Every structure is written in structure tokens, then in C-alpha cells.
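Residue numbers (my numbering): 17 to 445.
Input: a single structure, listed below in C-alpha cells.
The structure is reproduced here in C-alpha cells:
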């Protein structure tokens, strides 16, 4: 299963490849089939009771999701529609449980040397993206060097987004009319998810060989460059919170590690290089002067609030076509107040657990830092993701968080029976 998870995380960013189209369920993309295959094989190989160690980490999260999806299904049937959306989310909930249970088993040494293998998830995900994008650009006649030069010359990030990503994604199930450059948000969100898992594994089982440490550090640097080149504001913001949490932890513990010093110098060098090359101006413009998406988002919120009076009780809006990019607000538009309330519980439980973990981060072992950082990706996507649903990348990330927290809580103590807890940890979501 450890190789299966590694392969799944490598396939998770490849979201512009449509494998099969079903008239009932719609397009099935590569990453969806990969995570569902992993979950299916996991639950075939192991009995359902393997999720029992997660029970105290799940808290209201699973219950709120079940309530939300059940009521949404009833609303869909009320409107004479098949509950395809809720069914898909139920499947993703199974993926969440499978990933969480496997991470728990890996960290508690029930899966051989799985943690050692998971140190390379960032490397495999980054290589997968580079190979797949290179093939896609070659097939579609995209010259990345020319696009980059045009982007730098004009200082316009929209050139990079439309002429590179949007064009590269054409031809693998999407045509020029249906393809969206915004796919990149989840593509590079998957790379960030792989980085969290890789860092957690490397800190849990430190690399001994200097050559392997250099290879690991290079893989993380390569993944970081990919994240910045995505020009995805939500993903870059989520990633930027990670070093902030590290600094916060250092302030609380009155320590500064050699890793942080090196990272600071590397960051300064990167900023200087970006400024000299003009790439820094493109990134700056992406966050400041490129306001079209901000204005569009404001319009979507205004439209959503104007519609609340008509859809407050039973919903009925197809949020895939008219999304506010807000998880709770879209739930209200889709299914009314009785879908929105459990959706709010889902969001609040994630945020509350993250805040509790951050408040005691200085007391936690080093390998809990990537876990705390991983919370930020789904939190940011709750208020930026189109369609207003938890996407596969966020389900996998939350599964990783659940398993890591459960393993930390139930870590055996010498002289005490296996499964004993040495301290109480915050329940997951």
C-alpha cells in the first residue's frame, strides 16, 4: 500500500487528463480514479475497523459531512435530480478515511518502512507535474521560454496563465471552449499536499545519508519553484503560512534552527534573483494590479447574497455554474439552510482544531509543524474554491492530517501497552 499511496500522490496533480466520460456521473479524471482506486484497494485489503484509531480525531467532522451530504441528497431528489454530487462527495469521504488510516498505520510502524518511502512524495509529485506538463506543452505547441519572456517583458501574469497553462491543458479531454486555466489551483495544491507529507515523513524518520538529504532538499526546492510558477494566489498564500508557523514556533521556544537560517538566506537569494529577472514584478502584479478575479469574486458574492431570499430554505442553485467560491455560502445556495449549517460545522471544526494545534505548537515535536501547516490548504480553499465543495486534494490533505494527529495521540510509551497515549491531543476536526 505504501507504493500505492506514493503513486496516488504522483497522480493527484494530473487533473487535466480525462480518462472516461459517463453520461450519468460525467467526466472521470485521472486523479479521481487514482484516489478512488487507492481507497478501494485499501478497504479490500483491510477490514473497516482499521479506521477505529481515528475515531477520537474525527470529532464532528465526519458526522457533519454525513448530515450535509444526506440532506443535500434529499434536496436533489426533491428537485427530481439524481444526487450525483453528494454521491461523489461520499466517495471522497471514504478516500479521507483510507488515507488517514494508512498514515496512522505508517507512523505506528504497521506498514513496514512506509514513512521512509513517503519522504519522497514531493519529489514524485513534482516530477510527475514536470513530465506531464512538458508532454502537454510539446503536444500543444507551447514554447514555455517564449511565454515566460513575454510575461516578463509585459509584467502581465495573465499571459503566463492563458498562454501556458490554459493552452497546455487542451486536448486531454478538454477542448479550447471547456478548458479552464484555474485547474492549476488544484494541480499545484496537490504538489503542496505532497510537500506536507514529505516534510512530515522526513522529520519523523530523518535521513542519515548526506547524499539523500541533498536529494530531499532539492525535491522540496523544486516543488517550491513549481508552486511559485503556478501564480495561484490561494496556493502561494497557503504555502507562505508554513514558514510563518515555523518562525512562530521558534519565537515561542526561543530557538532558531540551522534549517531556518539556511532557509532565510535561500529566500533572500531567491527574492534578489526574482527582482533582477523581472519575475518578482510579475508575482507582485498578480497580487496587486491583477484585480479582475477580485472584482469577479465580489460580483459572485453580491449575486449570491441577492439570491438568498429565494433559496434560503431548500436551495436549488447549480453552484458549479454560479459559485460564490465559498464552501458554506454555496452549500446554502445548493441545499438551503439545513445543508449550510453542517457545512459551517465542517469549516469551524477544521479552523478550531488548527487554532488549538497552533497554540501549543511550541510544545509539539518537530514533525508536527508540517501537520499544522497542512491545515491551511483546506482552510484557504474553503473560501476560494469554485463549486463550493471539498476537492480531492483537500480530502487527501485532511486525511493526512487525521492520520498524523491520531498517530501522535496514540503513540506507544515504553513500559505501557501499545496504543497508550502519553498526552491528550486536539481531536481532528
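No residue lacks a Cβ here, since even glycine has one placed at the ideal position from N, Cα and C.
A quick note: this is a predicted structure, and the numbers were derived from the prediction, not measured.
Endpoints, the alpha helix (DSSP H) within which residue 116 is located: Unbroken alpha helix (DSSP H) run through residue 116: 100 to 123.
Residue burial classification, residue 410 (beta-carbon count within 10 angstroms, cutoff 16): It counts as buried.
Nonlocal neighbours in the same chain, by C-beta distance under 7 Å from residue 333, ignoring five residues either side: The answer, listed in chain order, is 323, 327, 349 and 350.
Residue 173 versus residue 166 - alpha carbon distance: Going by C-alpha positions, residue 173 is about 10 Å away from residue 166.
Beta-bridge partners of residue 34, as assigned by DSSP: DSSP lists 45 as partners of residue 34.
DSSP-derived helix/strand/coil call for residue 27: When DSSP states are grouped into helix, strand and coil, residue 27 belongs to the helix group.
Contact set for residue 339: own chain, Cβ-Cβ below 6 Å, skip 5 residues either direction: If we look at residue 339 and ignore the five residues flanking it on each side, its Cβ neighbours are 346, 402, 403 and 404.
Residue closest to residue 135, alpha-carbon to alpha-carbon, out of 21, 330 and 371: Residue 21 is the option with its Cα nearest to residue 135.
Environment of residue 66 [buried if 16+ CB atoms lie within 10 Å]: So residue 66 ends up on the buried side.
Helix, strand or coil at residue 376 [DSSP, three-state]: In the three-state DSSP reduction, residue 376 falls in the coil class, being neither helix nor strand.
Residues of its chain near residue 317, where Cβ-Cβ distance is below 8 Å and the 5 sequence neighbours each way are ignored: Cβ neighbours of residue 317 within its own chain (closer than 8 Å, five residues either side excluded): 340, 342 and 345.
Reduced DSSP secondary structure (H/G/I, E/B, other) of residue 126: Assignment of residue 126 by DSSP, reduced to helix, strand and coil, places it in the coil class.
Beta carbon of residue 111 nearer than 9 Å to that of residue 54: In this structure, residue 111 lies near residue 54, with their beta-carbon atoms less than 9 Å apart.
Cβ pair count under 8 Å reaching 3, the stretch 378 to 396 against the stretch 252 to 260: With a cut-off of 8 Å, the stretch 252 to 260 and the stretch 378 to 396 count as touching, because enough Cβ pairs lie within range.
Residue closest to residue 23, alpha-carbon to alpha-carbon, out of 137, 231 and 182: If you compare the alpha carbons of 137, 231 and 182 with that of residue 23, the shortest gap goes to 137.
Beta-carbon spacing of residue 358, residue 84 below 9 Å: Against a cut-off of 9 Å, the Cβ pair of residue 84 and residue 358 comes out as a contact.
Element boundaries [alpha helix (DSSP H), containing residue 212]: Secondary structure note for residue 212: its alpha helix (DSSP H) is the uninterrupted segment 199 to 220.
Three-way DSSP call (helix, strand, coil) for residue 136 in this model: Reduced to three states, the DSSP call for residue 136 is coil.
Nearest-angstrom Cα separation, counted from residue 188 out to residue 90: In this structure, the straight-line span from the alpha carbon of residue 90 to that of residue 188 is close to 35 Å.
Residue environment, residue 182, which counts as buried when at least 16 other CB atoms sit within 10 Å: Around the beta carbon of residue 182, a 10 Å sphere encloses 16 or more other beta carbons of the protein chains shown; the residue is thus reported as buried.
Selected residue, minimal CA-CA separation from residue 51, among 81, 100 and 115: Of the residues 81, 100 and 115, the one whose Cα lies closest to the Cα of residue 51 is 115.
Cβ-Cβ distance between residue 43 and residue 132 below 9 Å: No, these two residues do not count as a Cβ contact at 9 Å.
When 362, 420 and 101 are compared against residue 77, the one with the closest alpha-carbon: The shortest Cα separation from residue 77 among 362, 420 and 101 belongs to 362.
Beta-carbon proximity of residue 235 to residue 139, cut-off 9 Å: Cβ atoms of residue 235 and residue 139: closer than 9 Å.
Simplified DSSP state of residue 260, which is helix, strand or coil: Helix at residue 260.
Close-in-space but distant-in-sequence residues of the same chain around residue 459 (CB under 7 Å, 5 per side omitted): Residue 459 lies beyond the residue range present for the chain, which begins at 17 and ends at 445; the question has no answer from this structure.
Extent of the continuous alpha helix (DSSP H) to which residue 398 belongs: From DSSP, the alpha helix (DSSP H) with residue 398 extends over 392 to 398.
Test: residue 322 CB closer than 9 Å to a CB of chain C: Protein chain content of the structure displayed is limited to a single chain, and chain C is not contained in it.
Per-residue DSSP class, three states only, for residue 224: It is coil, neither helix nor strand.
Contact under 9 Å by Cβ, residue 242 with residue 142: Taking 9 Å as the Cβ cut-off, residue 242 and residue 142 qualify as a contacting pair.
Neighbourhood of residue 35 by C-beta, 7 Å cutoff - its chain only, sequence neighbours within 5 removed: Within the same chain, residue 35 has close Cβ partners 44, 45, 46 and 49.
Sequence-distant residues of its chain with Cβ nearer than 7 Å to residue 396 (five each side left out): The residues are 250, 253 and 254.
Local Cβ density within 10 Å of residue 162, reported as buried at 16 or more and exposed below that: So residue 162 ends up on the exposed side.
Coil, strand or helix - residue 158 by DSSP: Residue 158 carries a coil assignment under DSSP once its states are collapsed to helix, strand and coil.
Outcome for residue 32 when other beta-carbon atoms lying within 10 angstroms are tallied against a minimum of 16: Of the other Cβ atoms in all chains shown, 16 or more fall within 10 Å of the Cβ of residue 32; this residue is therefore buried.
Distance, residue 417 Cα to residue 424 Cα: About 11 Å.
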